[in-house]
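Each remark here refers to the structure printed beneath this line.
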Amino acid sequence: MRLEALLAASLLSQQSVRFVLLGLATGSLFALVSLGIVVVHRASGVLNFSAGAVGAVGAFVTYTLRDDHSIPVPVAVGAGLLTGCALGLLTMLVLIALRRASALVKLIATLGVMVAAQGFIQVVWHGGRGTPDSLLVTDAVALTDELRIGQDRLVLIGLSLVLALILWVVYSRTLFGLATAAVSENPRVAASAGWSTRRIEVANLVLAGGLSALAAIFLAPVVSLDGAVLTLTVIPALAAALVGRFSSFGLAVGAALVIGVLQSLLSLFQADIARAVSIDPLSLTGLPQAVPMAIIVAGTVVAGRSRMTRGESLVRLPIPGAGTVSPARAGAGIVLALLVLFGADGYADALIVTFATAIIVLSLVVVTGYAGQVSLSQLALAGFGAWVAGRLVSSAEVPFALALIVAVLATVPLGLLVALAALRTRGVDLAVATLGLALMVSALLFSNGSLTGGLIGLPVDTPSVLGIGLDPVSTPERYGAFVLVLLVLCTLVVANVRRGRSGRRLLAVRANERVAASLGVSVSGAKLYAFGLSAGLAAVGGVALAFRQTNIRFADFNVLGSIAALQYAVIGGIGWASGAVVGAALASGALVHKVLNELLGSID
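Numbering (the working numbering), first residue to last: 15 to 618.
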């Protein structure tokens with residue numbers, strides 16, 4: 015009751031009202047990005063993950079021109095908006111090239127645009143430029159005798175509401191809006207009516223790019239001009255668009271405003287909540303980011319359906335491999351890996367990263383390639399397994415082998431928790447839900463210095479198995495051979511699943527849930543099995559990846575890493591266990607990175 019009374023009194027204070035208004039301003043910028051996502055989905059049916067990164071490039075162009083080259087503000091803003099529009103057009107060209115591809119590949123393509131845009135920011139601007147001065151007037155406005163708020167925040171709130179109203183009118187009351195709906199529903203029928211489907215799609219993508227750039231330009235003075243931070247604004251925007259079912263501008267804007275207010279109020283009351291429950295305030299560092307996403311995910315699950323409705327279809331995926339294992343090819347691959355591991359000087363760590371990442375990619379082969387469930391939370395599961403093992407070894411002095419087993423067993427229930435979203439959602443809704451779950455794990459666990467050791471990380475002893483030392487620093491080849499053994503065992507498990515009865519059930523669910531259920535296949539049971547197994551595999555890969563260092567750091571187990579893992583899986587062949595190593599070789603610090611460094615010199 016003391017906590018409830020404290021919060022009730024605080025909510026009525028002038029300060030809390032001010033934070034509500036500040037949250038509305040931040041939420042209004044999330045709303046602008048969300049509007050762009052809704053526009054793209056209305057036109058093409060594609061979930062655009064690149065919105066935040068595209069907007070970030072536009073923001074960097076704007077403030078570089080204004081601050082470094084003294085370009086007038088209207089010209090600089092215009093250049094930033096044109097940059098966003100141009101990148102929207104580029105995204106559309108990518109989607110046009112993939113017109114015959116599956117929806118999953120198109121979703122991955124927008125992730126590729128996102129990563130490319132973020133990489134461009136890293137190369138040109140080294141990731142960030144601090145916090146720029148606002149383009150708007152920041153003088154405080156007195157709403158009451160004690161309540162003051164900057165004019166810029168009020169302008170931002172009004173801007174998002176006005177744009178939402180304009181877009182609603184355009185897409186519900188004009189011929190262009192009717193044409194956009196027709197193109198999204200059935201491009202062939204729209205083309206037969208005389209509409210140019212490509213021009214309509216291009217117009218919508220260009221508009222979405224401009225909206226994303228506008229949001230980032232105004233958001234940079236609030237959250238800093240940082241590529242990673244601005245890129246991740248797509249996550250609350252996706253959550254808001256999800257509430258609006260990727261079609262309603264009003265619901266998307268409303269949800270974005272609510273998310274902004276919740277984050278602002280939780281930041282205000284974070285210390286009070288921590289004192290009320292007698293914990294360190296640092297333990298709640300990620301609470302403002304996690305709670306709104308938890309509410310969105312919970313709402314999505316409640317509003318979803320356990321069975322597909324008539325006419326609803328799953329994401330079309332590439333045909334998976336047969337799961338057969340060629341002893342000759344497998345043996346040749348293992349021998350080649352060992353030769354490079356022990357014979358090529360300096361390649362051990364790159365191979366360790368490749369092997370460990372390949373195990374994480376195998377988890378996606380099971381859950382996405384076999385079961386058809388698009389998951390963007392696998393690296394978060396891997397990080398959770400690494401954290402469990404790291405805590406056991408660091409604090410409880412548990413042997414490495416036992417810690418690895420316990421980590422797998424502890425991660426499986428978390429995978430089943432993720433599966434609860436899959437029981438009632440699918441397709442793009444599931445992708446957003448699993449991404450939200452990954453964000454919650456990252457915010458509540460990996461950003462919590464009291465649980466992860468902060469910047470130093472968790473110090474761990476040298477791993478050993480059966481009395482054999484596996485020091486990744488002094489004998490990285492030996493540790494690499496151990497990780498290779500884990501990879502071979504996990505690959506055999508995945509291949510065996512594909513050939514067995516469980517694999518046939520997963521493929522049946524992937525093909526058509528209604529038909530699978532009519533044949534006696536438990537759809538829920540198959541999904542739980544896929545997520546549980548994939549979580550265990552991810553934990554193995556996460557532990558192997560983390561223990562290659564003497565101090566385990568969790569910065570790499572972030573949301574962007576989960577997105578990258580799905581990209582590696584698609585590149586290697588989402589349903590092919592043998593392709594896991596191919597995709598994993600492209601990971602940061604993995605084999606391809608090492609080879610490029612050798613050929614081209616030191617590169618970032």
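A virtual CB, placed ideally from N, CA and C, is assigned to each residue, including glycine.
Predicted, not measured: the structure shown is a model, and the values here were computed from it.
- Message: Shorter than 8 Å, the distance from the beta carbon of S148 to the closest heavy atom of the ligand HEM, or not?
- Response: Of ligands this structure carries none, so the ligand HEM is not represented either.
- Message: Only counting the same chain, and skipping five residues up and downstream in sequence, which positions put a Cβ closer than 6 Å to that of L352?
- Response: Your numbering for residue 352 matches position 338 in the sequence shown. Cβ within range, chain order: n/a, list empty.
- Task: Please check the pair I171 and A39, which I expect to be a contact at CB under 8 Å, by giving their CB distance rounded to whole angstroms.
- Result: Here residue 171 refers to the residue found at position 157 when the sequence shown is read from its first residue. Here residue 39 refers to the residue found at position 25 when the sequence shown is read from its first residue. The C-beta distance from I171 to A39 rounds to 6 Å, short enough to meet the 8 Å contact threshold.
- Alpha carbon to alpha carbon, how far is I577 from G208? Locating residue 577 in the sequence shown gives position 563, counting from the first residue. Locating residue 208 in the sequence shown gives position 194, counting from the first residue. The alpha-carbon atoms of I577 and G208 are separated by roughly 39 Å.
- Message: At 4 residues or longer, what runs of the alpha helix (DSSP H) sit wholly inside the stretch 437–475?
- Response: Listed in chain order, they are 441–455 and 463–466.
- Determine, using beta carbons only, whether G383 and G587 come nearer to each other than 9 Å. Residue numbering aside, residue 383 sits at position 369 when the sequence shown is read from its first letter. Residue numbering aside, residue 587 sits at position 573 when the sequence shown is read from its first letter. Using a Cβ distance threshold of 9 Å, G383 and G587 count as a contacting pair.
- Proximal residues to L35 (C-beta, below 7 Å), its chain only, five neighbours per side dropped: One-based indexing of the sequence shown puts residue 35 at position 21. Around L35: I163 and R167.
- Message: Give me, in chain order, the residues of the same chain whose beta-carbon lies closer than 7 Å to that of D81; leave out the 5 immediate sequence neighbours on both sides.
- Response: Here the question's residue 81 lines up with position 67 in the sequence shown. Excluding sequence neighbours, D81 sits near P146.
- From H607 to R289, what distance separates their C-alpha atoms? Residue 607 sits at position 593 when you count from the first residue of the sequence shown. Residue 289 sits at position 275 when you count from the first residue of the sequence shown. Their Cα atoms are separated by approximately 46 Å.
- Spatial neighbours of L265 within its chain, please: CB distance less than 6 Å, with the 5 preceding and 5 following residues excluded, ordered by chain position. Here the question's residue 265 lines up with position 251 in the sequence shown. Within the same chain, Cβ atoms closer than 6 Å to the Cβ of L265 are found at V257 and G258, the five residues on either side in sequence being excluded.
- Query: Excluding five sequence neighbours on each side, which residues of the same chain lie with their C-beta closer than 6 Å to the C-beta of G399?
  - Reply: Within the sequence shown, the letter at position 385 stands for residue 399. When the five nearest sequence neighbours on each side are left out, the beta carbons in the same chain lying within less than 6 Å of the beta carbon of G399 are those of A421, T425, A553, G556 and V557, in order along the chain.
- Cβ shell of S174 (< 7 Å), same chain only, five flanking positions each side left out: Here residue 174 is taken as the residue at index 160 of the sequence shown, counted from 1. The residues are S42, A45, L46 and V267.
- Please determine if the stretch 534–541 and the stretch 388–399 are in contact, where contact requires at least 3 C-beta pairs separated by less than 8 Å. With a cut-off of 8 Å on Cβ pairs, the stretch 534–541 is not in contact with the stretch 388–399, counting fewer than three such pairs.
- Message: Whole angstroms are fine: how far does the CA of D475 sit from the CA of I482?
- Response: For this step, residue 482 is matched to residue 468 along the sequence shown. For this step, residue 475 is matched to residue 461 along the sequence shown. Taking the straight line from one Cα to the other gives about 13 Å.
- Task: Starting from the Cα of I51, find the closest Cα among V119, N218 and L469 and give me that residue.
- Result: Translated into positions along the sequence shown, residue 51 becomes position 37. Closest option to I51, Cα to Cα, is N218.
- Query: When the Cα atoms are used, what is the spatial distance from A594 to N565?
  - Reply: Start at 1 with the first residue of the sequence shown, and residue 594 comes out as number 580. Start at 1 with the first residue of the sequence shown, and residue 565 comes out as number 551. Our two residues, A594 and N565, have alpha carbons roughly 27 Å apart in a direct line.
- Tell me where the beta strand (DSSP E) around G589 begins and ends. On the sequence shown, position 575 is the one that residue 589 refers to. Element bounds for G589: n/a, residue is neither H nor E.
- Indicate whether S391 and V446 have their beta-carbon atoms separated by less than 9 Å. Within the sequence shown, the letter at position 377 stands for residue 391. Within the sequence shown, the letter at position 432 stands for residue 446. No, Cβ-Cβ distance for S391 and V446 is not below 9 Å.
- Item | Cβ-Cβ separation, G223 to G102 (assumed contact under 8 Å), whole Å | If you number the sequence shown from 1, residue 102 lands on position 88. If you number the sequence shown from 1, residue 223 lands on position 209. Between G223 and G102 the Cβ distance is about 2 Å, and since that is below 8 Å, they are a contact.
- Message: Checking 9 Å against the spacing of the C-beta atoms, do F561 and A394 come in under that value?
- Response: To locate residue 561, count along the sequence shown from 1; it is residue 547. To locate residue 394, count along the sequence shown from 1; it is residue 380. No, they are not a contact pair.
- List the whole-angstrom C-beta distance separating L430 from A417, where the pair is believed to meet the contact cut-off of C-beta under 8 Å. Reading the sequence shown from its first residue, position 416 is the one you call residue 430. Reading the sequence shown from its first residue, position 403 is the one you call residue 417. Not confirmed; about 21 Å, so no contact.
- Query: In the structure shown, what three-state DSSP assignment does N565 receive?
  - Reply: Here the question's residue 565 lines up with position 551 in the sequence shown. Here N565 sits in strand by DSSP.
- Task: Use the C-beta contact count for I333: other C-beta atoms within 10 angstroms, 16 or more gives buried, fewer gives exposed.
- Result: By 1-based counting over the sequence shown, the position of residue 333 is 319. Per the 10 Å Cβ criterion, exposed.
- Query: Which stretch, first to last residue, makes up the alpha helix (DSSP H) that contains G164?
  - Reply: The sequence position of residue 164 within the sequence shown is 150, counting from 1. Note, G164: premise wrong, no alpha helix (DSSP H); beta strand (DSSP E) at R162 to G164.
- Message: Our contact map puts R438 next to V315 with C-beta atoms below 8 Å; I'd like the distance itself, whole angstroms only.
- Response: Here residue 438 refers to the residue found at position 424 of the sequence shown. Here residue 315 refers to the residue found at position 301 of the sequence shown. At roughly 5 Å, the Cβ-Cβ gap stays under 8 Å, so R438 and V315 are in contact.
- Touching or not, the stretch 271–281 and the stretch 58–69, by the rule of three or more beta carbon pairs under 8 Å? A contact is defined here as three or more CB-CB pairs under 8 Å, and the stretch 271–281 fails this definition with respect to the stretch 58–69.
- Item | Counterpart residues of D240 in DSSP-defined beta bridges | The count along the sequence shown starts at 1 and reaches residue 240 at position 226. Looking at the DSSP output, D240 shares a beta bridge with G142.
- DSSP on I249, reduced to helix/strand/coil? The residue you call residue 249 lines up with position 235 of the sequence shown. In the structure shown, I249 sits in a helix (DSSP, three-state: H, G or I).
- Excluding sequence positions up to five away, which residues of its chain have a Cβ less than 6 Å from the Cβ of A255? On the sequence shown, residue 255 is found 241 positions in, with the first residue counted as 1. For A255, where only same-chain residues beyond five positions count, the Cβ hits under 6 Å are S48, I51, V52 and A266.
- Message: Can you look up E326 in the DSSP assignment and give me helix, strand or coil?
- Response: Walking along the sequence shown from the start, residue 326 turns up at place 312. Because E326 carries a pLDDT of 48, less than 50, the predicted location of this residue cannot be relied on, and the following value inherits that uncertainty. Three-state DSSP puts E326 in coil, outside helix and strand.
- How would you call G471, buried or exposed, if buried means at least 16 neighbouring beta carbons within 10 angstroms? Counting from one through the sequence shown, the residue named residue 471 turns up at place 457. Counting other Cβ atoms within 10 Å of its Cβ, G471 reaches 16 or more and is therefore classed as buried.
- Closest by CA to D363, which one among G335, P486, F260 and G404? Mapped onto the sequence shown, residue 363 falls at position 349. Nearest Cα to D363 within the set G335, P486, F260 and G404: P486.
- Hey, how far is the Cα of V388 from the Cα of F33? Counting from 1 along the sequence shown, the entry for residue 388 is found at position 374. Counting from 1 along the sequence shown, the entry for residue 33 is found at position 19. Going from the Cα of V388 to the Cα of F33 covers about 36 Å.
- What are the boundary residues of the alpha helix (DSSP H) that P332 is part of? On the sequence shown, position 318 is the one that residue 332 refers to. No alpha helix (DSSP H) contains P332, which DSSP labels as neither H nor E.
- Out of A370, P413 and A544, point me to the one whose CA is closest to A499's CA. Residue mapping note: residue 499 aligns to position 485 of the sequence shown, counting from 1. Checking the displayed sequence, the identity of residue 499 turns out to be Val instead of Ala. A check of alpha carbon separations from V499 across A370, P413 and A544 identifies A370 as the nearest.
- Query: Excluding five sequence neighbours on each side, which residues of the same chain lie with their C-beta closer than 8 Å to the C-beta of V60?
  - Reply: Residue numbering aside, residue 60 sits at position 46 when the sequence shown is read from its first letter. Closer than 8 Å at Cβ, skipping near neighbours: V54, L109, A117, K120, L121 and T124.
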